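>
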Amino acid sequence: MRPLIVASLPIKKIEDLKFIGNFLDADLIELRLDYLKDLEVSVISDYFELLDKYKNKLIITLRDKAEGGINELADELKIRLLKELYDKQFLYDVEVSFLQKHNVPYDNAIVSIHYFNYLPTSEKVKEIVSKFYEKAFSVKIAVPDLKGYKEVILPLLEYENVTVIPMSNNPLERIAVGLLGSKLVYSYAIEPLAQGQLYYKKVIQIFDYINDIITSSSVT
């Protein structure tokens with residue numbers, strides 16, 4: 003089964019929300035609200051009527067700066083927004099580190115953790131996945147391409163709703179984990195937001211092409 007293709011869209015000003023409609027051919031559109039300042043993020047609830055039109059297509063992300071976010075958001079603001087998003091049944095991304103500090107819901111959310119400077123042990127990552135994967139929409143693990151990283155992420159693909167992201171400059175590695183079972187494959191909508199990201203239309207083309215080959219091979 004093809005993974006869900008996510009087009010990540012940086013929201014650098016509130017007006018950028020009008021671009022959502024340009025990327026509806028992606029399976030999901032990630033709105034990176036951490037590109038906004040606190041004051042701008044605090045009024046995002048005024049735009050729920052607009053966002054509601056695209057609810058089934060959206061991932062709302064308020065990434066902590068320590069996990070690759072752009073601007074540091076106040077915890078109180080993030081807690082309030084996550085609870086509002088939960089009540090309105092939006093899909094959002096929340097970090098494991100934030101869940102460990104604050105009592106916010108993560109049912110049907112993306113629970114994520116990013117390792118930038120070191121590799122965790124396989125046991126530690128499996129412990130995190132086991133804790134959250136039954137209630138989460140997906141547990142997302144991102145690791146750097148340090149020696150041994152494949153041994154850490156590949157066993158995680160045994161879980162049905164795990165997303166793994168190799169933080170490598172080689173974009174084929176993101177495609178490879180998608181073929182092997184990663185639930186989501188992240189790509190970019192306008193500009194790359196992380197190393198190794200491909201343009202989302204290219205990612206869709208790649209998976210459609212592979213699917214066509216497999217389908218035609220099974221027919222013949």
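Heads up: the sequence shown runs through residues 3 to 222, numbered per the working numbering. The beta-carbon is built from N, C-alpha and C at its ideal position, and this holds for glycine as well. These figures come from a predicted structure and were not determined experimentally.
1. State the Cα-Cα distance for the pair Ile143 and Ile16, rounded to the nearest angstrom.
2. Taking one C-beta from the stretch 168-179 and one from the stretch 95-104 each time, how about it: are there three or more such pairs within less than 8 Å?
3. Determine the burial state of Ala76: buried for a count of at least 16 other Cβ atoms within 10 Å of its Cβ, exposed for fewer.
4. Could you please give the first and the last residue of the uninterrupted alpha helix (DSSP H) stretch that includes Ser132?
5. Is the beta carbon of Pro157 closer than 8 Å to that of Ser132?
6. With H, G and I counted as helix, E and B as strand and the rest as coil, what does DSSP make of Tyr201?
7. Would you kindly report the start and end of the unbroken alpha helix (DSSP H) that includes Val179?
8. Is it buried or exposed for Lys80, if we count other Cβ within 10 angstroms and need 16 for buried?
9. Roughly how many whole angstroms lie between the Cα atoms of Asp66 and Lys204?
10. Which residue comes first and which comes last in the beta strand (DSSP E) that contains Ile16?
11. Compare the C-alpha of Ile112 against each of Glu129, Leu121, Phe134, Asp89 and name the closest.
12. Counting only the same chain and skipping the five closest in sequence on each side, list residues whose C-beta sits under 7 Å from that of Ser140.
According to the data block:
1. If you number the sequence shown from 1, residue 143 lands on position 141. If you number the sequence shown from 1, residue 16 lands on position 14. If I take the Cα positions, the gap works out to 29 Å.
2. Touching, no.
3. Taking the first residue of the sequence shown as 1, we reach residue 76 at position 74. The residue in question, Ala76, is exposed, as its Cβ has fewer than 16 Cβ neighbours within 10 Å.
4. For the purposes of this step, residue 132 is taken as residue 130 along the sequence shown, with counting starting at 1. Residues 124-134.
5. By 1-based counting over the sequence shown, the position of residue 132 is 130. By 1-based counting over the sequence shown, the position of residue 157 is 155. In this structure, Ser132 keeps its C-beta atom at 8 Å or more from the C-beta atom of Pro157.
6. Indexing the sequence shown from 1 puts residue 201 at position 199. Residue state for Tyr201 is assigned as strand, using DSSP reduced to three classes.
7. Mapped onto the sequence shown, residue 179 falls at position 177. Bounds of the alpha helix (DSSP H) holding Val179 are 174-182.
8. Here the question's residue 80 lines up with position 78 in the sequence shown. Here Lys80 is buried, its C-beta having at least 16 other C-beta atoms within 10 Å.
9. If you number the sequence shown from 1, residue 66 lands on position 64. If you number the sequence shown from 1, residue 204 lands on position 202. For the pair Asp66 and Lys204, the Cα-to-Cα distance works out to about 28 Å.
10. In the sequence shown, residue 16 corresponds to position 14, counting from 1. Membership of Ile16 in any beta strand (DSSP E) is not indicated, and neither H nor E is assigned to it by DSSP.
11. Along the sequence shown, one-based indexing puts residue 112 at 110. Distance from the Cα of Ile112 is smallest, within the candidate group Glu129, Leu121, Phe134, Asp89, for Phe134.
12. The count along the sequence shown starts at 1 and reaches residue 140 at position 138. Once the five neighbours on either side are set aside, the close Cβ partners of Ser140 are Ile112, Asn163, Val164, Thr165, Lys185, Leu186.
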